[in-house]
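Step one of this worksheet: look at the structure below.
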């Protein structure tokens with residue numbers, strides 16, 4: 034059975050790579066497949082079908098009490114397993130007991146709290162945190178930023194393959210440009226050393242690697258925030274220099290929240306929430322903010338209107354109106 038599990042994991046990884054999907058997606062899909070197999074007594078997925086998938090997903094919601102997003106992720110992984118890897122089409126899973134998605138407002142820092150947090154950080158991590166707040170990037174989007182996608186003269190940057198696989202243009206804060214220029218020069222030196230040592234090729238999605246021959250070794254395609262050392266890429270066994278691990282920045286932000294004495298449960302994503310809220314506070318159109326965030330639907334962006342300093346929907350309390358009068 035151990036050998037069967039290994040072959041199943043390898044088959045999922047191979048299919049994910051052929052589809053040009055992210056390494057993170059590969060790890061998540063393999064993890065859910067193994068949990069599914071273990072839940073059903075290590076039976077092979079070919080011996081099971083929609084009923085077993087429904088039972089597993091319902092178990093996650095009822096006994097596991099997982100969030101709706103977690104259950105949706107598990108469903109996507111199992112549908113990929115059956116449709117893409119095993120070639121078995123499952124009918125729509127109508128009997129799955131779905132987790133209820135709670136409606137929660139995002140944690141948002143005040144402008145003063147953001148400044149305290151950023152002051153409590155230094156170096157590369159402070160620069161990345163500045164991008165999360167100053168450009169509204171997700172953490173992984175900042176980590177995957179490549180040299181060619183920064184336009185210093187136009188004060189903008191291109192986010193490649195953001196959530197949903199979409200590209201978008203975001204602004205580049207002028208105050209961050211000196212630090213980013215220095216980071217690009219550090220990346221250039223690291224790349225030159227890698228090339229001299231016989232390496233220097235960065236990972237590219239397979240379609241791009243085929244279309245642009247030799248692009249992987251060009252400096253423009255290198256990560257702005259490279260890892261401190263090269264590592265073996267599990268996707269193809271090639272030694273490359275990947276981007277900085279997200280955990281480094283997450284730990285730095287957590288420490289800064291503590292040092293800045295911020296009582297809110299702030300994280301890296303809180304800086305993105307604060308970016309959107311502060312733009313709306315400044316009077317920018319919600320459609321503009323939607324484009325900068327890369328939201329598919331404006332309804333996703335509208336949640337930030339409920340956390341503005343003016344109260345729900347920007348309404349001024351009648352108590353305050355009376356006092357002002």
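Numbering (the numbering used here), first residue to last: 34 to 358. Quick reminder that beta carbons are idealized off the backbone N, C-alpha and C, glycines included. Because the structure is a prediction, the values reported are computed rather than measured.
Give me the Cα-Cα distance between residue 196 and residue 254, rounded to the nearest whole angstrom. As a position in the chain shown, residue 196 is number 163, starting the count at 1. As a position in the chain shown, residue 254 is number 221, starting the count at 1. Each residue's alpha carbon lies about 20 angstroms from the other.
Assuming residue 192 is part of the beta strand (DSSP E), what are its boundary residues? Counting from one through the chain shown, the residue named residue 192 turns up at place 159. Counting along the chain, the beta strand (DSSP E) containing residue 192 begins and ends at 189-192.
Taking the CB atoms as reference points, tell me whether residue 190 and residue 304 lie closer together than 9 angstroms. Along the chain shown, read from residue 1 onward, the residue named residue 190 stands at position 157. Along the chain shown, read from residue 1 onward, the residue named residue 304 stands at position 271. The beta carbons of residue 190 and residue 304 sit no closer together than 9 angstroms.
Residue 265, DSSP secondary structure in three states: Here residue 265 refers to the residue found at position 232 of the chain shown. Residue state for residue 265 is assigned as strand, using DSSP reduced to three classes.
Is it right to say residue 185 is buried, meaning 16 or more other beta carbons lie within 10 angstroms of its own, or is it exposed? As a working note, residue 185 is residue 152 in the chain shown. The residue is exposed, with fewer than 16 neighbouring Cβ atoms inside 10 Å.
Report yes if the C-beta distance between residue 220 and residue 245 is below 9 angstroms; otherwise report no. Within the chain shown, the letter at position 187 stands for residue 220. Within the chain shown, the letter at position 212 stands for residue 245. It is not a contact, given that the beta carbons lie outside the stated cut-off.
Just how far apart, CA to CA, sit residue 80 and residue 194? In the chain shown, residue 80 corresponds to position 47, counting from 1. In the chain shown, residue 194 corresponds to position 161, counting from 1. Going from the Cα of residue 80 to the Cα of residue 194 covers about 36 angstroms.
Span of the beta strand (DSSP E), counted from its first residue to its last, around residue 76: What you label residue 76 is simply residue 43 of the chain shown in a count that begins at 1. Boundaries for residue 76: no beta strand (DSSP E) harbours it, and the DSSP string shows neither H nor E there.
Do you know whose CA, among 214, 251, 207, 237, lies nearest residue 228's CA? Reading the chain shown from its first residue, position 195 is the one you call residue 228. Closest option to residue 228, judged by alpha-carbon separation, among 214, 251, 207, 237: 251.
Is residue 326 buried or exposed, if buried means 16 or more other CB atoms sit within 10 Å of its CB? Counted from its first residue, the chain shown places residue 326 at position 293. Label assigned to residue 326: buried.
Is the beta carbon of residue 151 sitting closer than 9 angstroms to the one on residue 183? Here residue 151 refers to the residue found at position 118 when the chain shown is read from its first residue. Here residue 183 refers to the residue found at position 150 when the chain shown is read from its first residue. Not in contact: residue 151 and residue 183 (Cβ atoms no closer than 9 angstroms).
Evaluate residue 104 with the Cβ neighbour count: other Cβ atoms within 10 Å of its Cβ, from every protein chain shown; 16 or more gives buried, anything less gives exposed. As a first step, residue 104 must be located in the chain shown, where it is residue number 71. Residue environment: residue 104 is assigned as buried (16 or more neighbouring CB atoms within 10 Å of its CB, all protein chains considered).
Over the uninterrupted alpha helix (DSSP H) stretch that includes residue 102, give me the two end residues. Counted from its first residue, the chain shown places residue 102 at position 69. Counting along the chain, residue 102 sits inside the alpha helix (DSSP H) bounded by residues 101-113.
Beta carbon of residue 49, beta carbon of residue 58: below 9 angstroms? Within the chain shown, the letter at position 16 stands for residue 49. Within the chain shown, the letter at position 25 stands for residue 58. Residue 49 places its beta carbon less than 9 angstroms from that of residue 58.
Residue 223 lies in the alpha helix (DSSP H); which residues open and close that run? Translated into positions along the chain shown, residue 223 becomes position 190. Looking at the DSSP string, the run of the alpha helix (DSSP H) that includes residue 223 is 210-229.
Three-state class that DSSP yields for residue 315 in the structure shown: Reading the chain shown from its first residue, position 282 is the one you call residue 315. Correct three-state label for residue 315: coil.
Simplified DSSP state of residue 275, which is helix, strand or coil: What you label residue 275 is simply residue 242 of the chain shown in a count that begins at 1. Residue 275: coil per DSSP, three-state reduction.
Between residue 334 and residue 309, is the Cβ-Cβ spacing less than 9 angstroms? Residue 334 sits at position 301 when you count from the first residue of the chain shown. Residue 309 sits at position 276 when you count from the first residue of the chain shown. At a Cβ-Cβ threshold of 9 angstroms, residue 334 and residue 309 count as neighbours.
Would you give the residue range spanned by the alpha helix (DSSP H) that residue 332 belongs to? One-based indexing of the chain shown puts residue 332 at position 299. Residues 331-335.
Straight-line CA distance for residue 78 to residue 300? Residue numbering aside, residue 78 sits at position 45 when the chain shown is read from its first letter. Residue numbering aside, residue 300 sits at position 267 when the chain shown is read from its first letter. Straight-line Cα distance between these residues: approximately 38 angstroms.
Between the Cα of residue 111 and the Cα atoms of 102, 90, 283, 232, which residue gives the shortest distance? The residue given as residue 111 occupies position 78 in the chain shown. Considering only alpha carbons, the answer is 90.
Rounded to a whole number of angstroms, what is the C-alpha to C-alpha distance between residue 118 and residue 44? Mapped onto the chain shown, residue 118 falls at position 85. Mapped onto the chain shown, residue 44 falls at position 11. Cα-Cα distance, rounded: 7 angstroms.
Stretch-stretch touch, CB-based, cutoff 8 angstroms, three pairs: the region 230-240 with the region 266-283: Yes: at least three Cβ pairs fall under 8 angstroms.
Tell me residue 259's beta-bridge partners as DSSP assigns them. The residue given as residue 259 occupies position 226 in the chain shown. For residue 259, which the question treats as bridged, DSSP gives the partners 276.
With respect to the alpha helix (DSSP H) encompassing residue 138, which residues constitute its N-terminal and C-terminal limits? Working through the chain shown from its first residue, we reach residue 138 at position 105. Membership of residue 138 in any alpha helix (DSSP H) is not indicated, and neither H nor E is assigned to it by DSSP.
Residue 292 by DSSP, collapsed to three states: which one? The residue you call residue 292 lines up with position 259 of the chain shown. Helix.
Among 153, 314, 181, 106, which residue has its Cα nearest to the Cα of residue 294? Numbered from its first residue, the chain shown carries residue 294 at position 261. With distances taken between Cα atoms, residue 294 lies closest to 153.
Considering residue 203, what are the terminal residues of the beta strand (DSSP E) in which it resides? The sequence position of residue 203 within the chain shown is 170, counting from 1. For residue 203, the enclosing beta strand (DSSP E) stretches over residues 201-204.
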